[in-house]
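The next block holds one structure in the form of structure tokens; read it before the comments.
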Amino acid sequence: MADLAGIDWAVAAVLLPLIGAMACFAVPRAAATIGLAAVAVTGAAALALGLQVAAEGALTVPLGGWGAPLGIDLRADGLSVVMLVMTAGVGLLVSLSALGERDARRRRYFWPLWLLLLTGLNGVYLSGDLFNLYVMIEVISIAAIGLTVLRGNLAALKAGLEYLFASMVGAILFLLAVGLVYLNYGRLDLSGLAGIAGAGDAVLAAVLALTLVGMALKTALFPLHYWLPAAHAGATAPASALLSALVVKASLYIVLRLFQYLVAPSEVMVTLIGALGATAMLWGGIQALRAPRLKLLVAWSTVAQVGLIFVAFARAGADGTAESWKAAALIMLAHALAKAAMFLAAGRIKDEVGHDEIARLDRSPIRPTLAQFTFALAAISLIGLPPTAGFAGKWMLMEGAIAAGYWHWVVVTLVGTLLSVAVFSRVLAGFLRFDRVRGPLGEHQGWALADAPPLVLALGALGLGLIAVQVLAFLEIGAPLGGTTGVWP
Amino acid sequence: MDAMLVFDVALALALVGLAWAVLAAEDLFAAVVLFIVFGLMTALAWVRLAAPDVALAEAAIGAGVTGALLLATLRRIGGAESAETTPRPVLIGVGALAAAVTSGLGAAFLAAPAQGPGLEAAIAANLAASGVEHPVTAVLLNYRAYDTLMEVVVLFAAVVAVWSVAQAPEPATPLLGPLHAGFARVALPAAVVVGAYLLWAGATMPGGAFQGGAVLGAVAILALLARDYVPAPAHRAWARGAFLAGTAVFALVAAGVGFGPRMAFEYPPALAKPLILLIEAVVTLSIAATLAALFFGREPEPLGVEVEARK
Amino acid sequence: MSPDLIYGLAGLAVFGIGFFRALTLAAPLRRVLALKLCAVGASFLLIVAAYRQPPVTADAVPHALVITGIVVMVSAMAVALALIHRIAVLERERSDG
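Protein chains in written order, with our numbering: chain A, 6 to 494; chain B, 414 to 724; chain C, 4 to 100.
Following this line, the structure appears as structure tokens:
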């Protein structure tokens, strides 16, 4: 795989952020400069890997030269590259918006934690080994918890501890699954397991159940979402953006991959996943309607969107997950861009207005117009209006579900969509009403350079919808989820 | 059938009983002490299952360092607990859930082939090319070195997270009385020797970077307890260097050998042994420093008068 | 009854106890203990998977995995304990004034 001056881009995508994290920690004064450079270089490596995969197809890197099952393989196909590039792009823009942090302690620790998080995320997207996935999700979870509590107040610390406990339970369930797999098959490489795992295997059922519950805990699928709203709403704006846009995606990705490599889920399991997703969509929507604060509303919307992704995975198409995973992946991308934009915009609104109580937003004489515009754009994508990426994903979901005759799932998705319209109208109405303002208005428009990164992200969510066809074609490289061997009864 | 069977059954029952006792203990201090005993019993069970390396790691890190961390936290927050109790229906519901999960796992475990497939043949076949003679070390530092690098990264992430959280100064009382401090002074050099030996032994027999690092970490913890060493803000740069050294050397060697015809992590055969020993040695020191820092629990910031607390 | 069977079941029982208590105990320090017991129970599965009837030597891969798991667990516990400590300090400050 040695390519272009002998650089292995897959390895680089994992080691570059790690080296950056170490440098940031060693030289705290230059942390922001080093950190930003490291994220940019990592993004370049992800792009280079993408070009390589586009030219040569899916590639495998046998680390240490041993090859699976004795060694660990990295594997990059269309899905991994799309996740890597998405992570790098969103990460870079969130990094830019984090440059404005004034608190010295937060400045010092944000960068090493975020780069360690990036190491873990990229590691998950390239991993070809079950136990390696376990180690990588632990890198992610410790870094993510560090980011959750970075604000340092009691509420954030308590939310972080609850998140840590949920995350530890999820990891232990995953470890049990690893144990069962090794006990039965004596190997942990995903590509090797794809060949062995037989249909109707009781052990495999246990493994799938354990990993599904473990990852549902980490990605906050209803009813295991209880930790998410407080954790995501209580963090600083850049940290919330990273947690909601990127961190939950890693465990979703693992669910997609396990169904690819182990076995396609059975009808019962698909229905269960879809039902939980639908409940999450409705419950998250209802809670978002009731949320008193803007950031809490955005956090509950993540619960609803995770539900939508599971509904798409379960029901977008008659061919089961071999087809529907693409709709799920597209909604994951759309959500990453739009949610990062939305959390950053919400943070900007809170900074300018001085609070984020939704009921009082329409009384504020200060209107951070650009941040409000960004919020609205992101809301359009999350609701799923054309031409956004959110629309493209939802369209695939609807089209697939209609083609397969899953009418009640179409209805559920529509109800979820209406709920999100209602949720975001609550906020947007406050932005647009001026009659309740006491005192002069429009003196301070609250524009700043810090409005640029969220705006670019929101425009990205819009633009991604226009190139959805190309993204879908790229996702198919290496045929992820095409080669499942059996169906679990 | 024989005495060993009686021993195994007794030990297994003791483990389950201890696990219950740890979580049922009224007093938190008692719970932690029982937990340390549980860890040592677990190590014993793993020796019985022919896993001496893991037993060493569990005794040193799982029981020893973890126990020290728990006791230190207990001392810092005091034993007071909220009188909150879980309502009975929840207890019954969760109990039923846990029982269902456990019995499902039990069924899956019993259905699995006894002493089924594994990688021992592949390990044995490639051991000569790995650069070390001890299979577990070969797996940790060569075949699955990527995992091990990331494991050191987890430890590094933990110390960053802990430093980012903790700001409170320590209560200014000495942690050990004069008698214990004297013991610590005698024990320190001996423990250093043991730690270094474990590291060196890892190439050929049970032992290695993690066990050696844990023992050296325990040395540092003793030194902290006896106030033979008091972290000062001026030491932060050294501390950062010590945490980073292992990850940095490991990552740079792994990436460095990947330039040219080889893969990342693919040591040239002639250099495999020296490179692995280099990585192990530096990683051991980093693990020791990191574990001690996790025990100390915060960044030594110029906050309070605590630094001058030594009598 | 071979040792792998005995200890495998014991490990699962330890996991079950830890799992039950992790979900029902209120005190955070006790929940940390419960989660650690869970992880030890889960590790037993891997140790048992590595076990071979002597004189055949055990499989070293699961052993390495469990060592990694132990280090990962101590890291997570250290973070949890730091959070618990900081929360206790802040709560004390708040109740003091």
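Just so it is clear, CB atoms sit at the ideal spot from N, CA and C, and this is done for glycine as well. Fair warning: this is a prediction, and the values are worked out from it, not measured in the lab.
Asked: Using a C-beta cutoff of 7 Å, does Glu712/B count as contacting chain A?; Found: no
Asked: Determine the DSSP secondary structure at Arg24/C, reduced to helix, strand or coil.; Found: helix
Asked: Based on the DSSP output, what are the partners of Arg80/A in its beta bridges?; Found: Thr65/A
Asked: So, is the C-beta of Val632/B closer than 7 Å to a C-beta in chain C?; Found: no
Asked: Quick check on Tyr231/A - is its C-beta less than 7 Å from some C-beta in chain C?; Found: no
Asked: Here's the rule: buried if 16 or more other CB atoms are within 10 angstroms of the residue's CB, otherwise exposed. What is Arg192/A?; Found: buried
Asked: What number of angstroms, rounded off, separates the C-alpha of Leu229/A from the C-alpha of Leu222/A?; Found: 5 Å
Asked: If you measure from the beta carbon of Tyr258/A to each beta carbon in chain B, is any gap under 7 Å?; Found: no
Asked: With a CB to CB cut of under 6 Å and the five nearest residues on each side skipped, what residues in its chain are close to Asn555/B?; Found: Ser543
Asked: Just verifying my parser: in three-state terms, what is the DSSP assignment at Arg298/A?; Found: strand
Asked: Measuring only the C-alpha atoms, how far is Ala636/B from Gly219/A?; Found: 40 Å
Asked: Please confirm whether any heavy atom of the ligand NAD lies closer than 6 Å to the CB of Leu423/A.; Found: Inclusion of the ligand NAD in the displayed structure is not the case, the ligand content being empty and no account of it being possible.
Asked: Could you pull the DSSP bridge partners for Asp134/A from this structure?; Found: Asp194/A
Asked: Between the Cα of Met618/B and those of Pro465/B, Pro500/B and Phe451/B, spot the shortest distance and give me the residue it belongs to.; Found: Pro465/B
Asked: Could one say the Cβ of Met676/B lies closer than 7 Å to chain A's Cβ atoms, at least one of them?; Found: yes
Asked: Could you please give the first and the last residue of the uninterrupted alpha helix (DSSP H) stretch that includes Tyr559/B?; Found: Ala558 to Val578
Asked: Taking the straight line between their C-alpha atoms, what separation do you get for Ala432/B and Leu349/A?; Found: 46 Å
Asked: Measuring only between beta-carbons, confirm whether Thr586/B sits less than 7 Å from chain C.; Found: Note on Thr586/B: pLDDT 47, under 50, position unreliable in the model; the coordinate value appears next. For Thr586/B, the answer is no, since every Cβ of chain C falls outside 7 Å of its Cβ.
Asked: Measure the C-alpha to C-alpha separation of Ala85/C and Leu155/A and round it to an integer number of angstroms.; Found: 13 Å
Asked: How would you label Thr479/B, buried or exposed, when you count the other beta carbons within 10 angstroms and need 16 or more for buried?; Found: buried
Asked: By Cβ distance below 7 Å, which residues in the same chain neighbour Gly21/C in space, the five residues on each side in sequence not counted?; Found: Ala37, Leu38, Leu40, Cys41 and Gly44
Asked: What distance in whole Å lies between the Cβ atoms of Val82/C and Leu169/A, which are believed to be in contact at a cut-off of 8 Å?; Found: 6 Å
Asked: From the beta carbon of Arg89/C, is the nearest beta carbon of chain A less than 7 Å away?; Found: yes
Asked: If you follow the alpha helix (DSSP H) that Pro548/B is in, where does it begin and where does it stop?; Found: Pro548 to Ala551
Asked: Starting from the Cα of Ser132/A, find the closest Cα among Met27/A, Trp119/A, Ser271/A and Ala81/A and give me that residue.; Found: Ala81/A
Asked: Can you tell me whether Phe396/A is buried or exposed? The criterion is at least 16 other CB atoms within 10 Å of its CB, across all chains shown.; Found: buried
Asked: Taking Cβ-Cβ distances below 8 Å as the criterion, which residues of the region 69–86 of chain C are in contact with chain B?; Found: Val69, Ile70, Thr71, Ile73, Val74, Val75, Met76, Val77, Ser78, Ala79, Met80, Ala81, Val82, Leu84, Ala85 and Leu86
Asked: Can you round the beta-carbon distance between Gly62/A and Gly483/A to whole angstroms, since I take them to be within the 8 Å contact cut?; Found: 6 Å
Asked: Please list the residues of the region 160–177 of chain A that have a C-beta atom closer than 9 Å to any C-beta atom in chain C, keeping them in chain order.; Found: Leu162, Lys163, Gly165, Leu166, Leu169, Phe170, Ser172, Met173, Val174, Ala176 and Ile177
Asked: Spatial neighbours of Leu97/A within its chain, please: C-beta separation below 7 Å, excluding the five flanking residues on both sides.; Found: Val44, Ala45 and Gly48
Asked: What is the DSSP secondary structure of Glu328/A, counted as helix, strand or coil?; Found: helix
Asked: Let me know the alpha helix (DSSP H) ranges lying completely inside the region 224–266 of chain A, each 4 residues or longer, listed in chain order.; Found: 233–239, 242–247 and 253–266
Asked: Which two residues bound the contiguous alpha helix (DSSP H) that contains Trp14/A?; Found: Trp14 to Ala31
Asked: If you draw a straight line from the alpha carbon of Arg488/B to that of Val445/B, how long is it in whole angstroms?; Found: 12 Å
Asked: From the DSSP output, which residues share a beta bridge with Glu362/A?; Found: Arg298/A
Asked: Can you tell me whether DSSP reads Glu143/A as helix, strand or coil?; Found: helix
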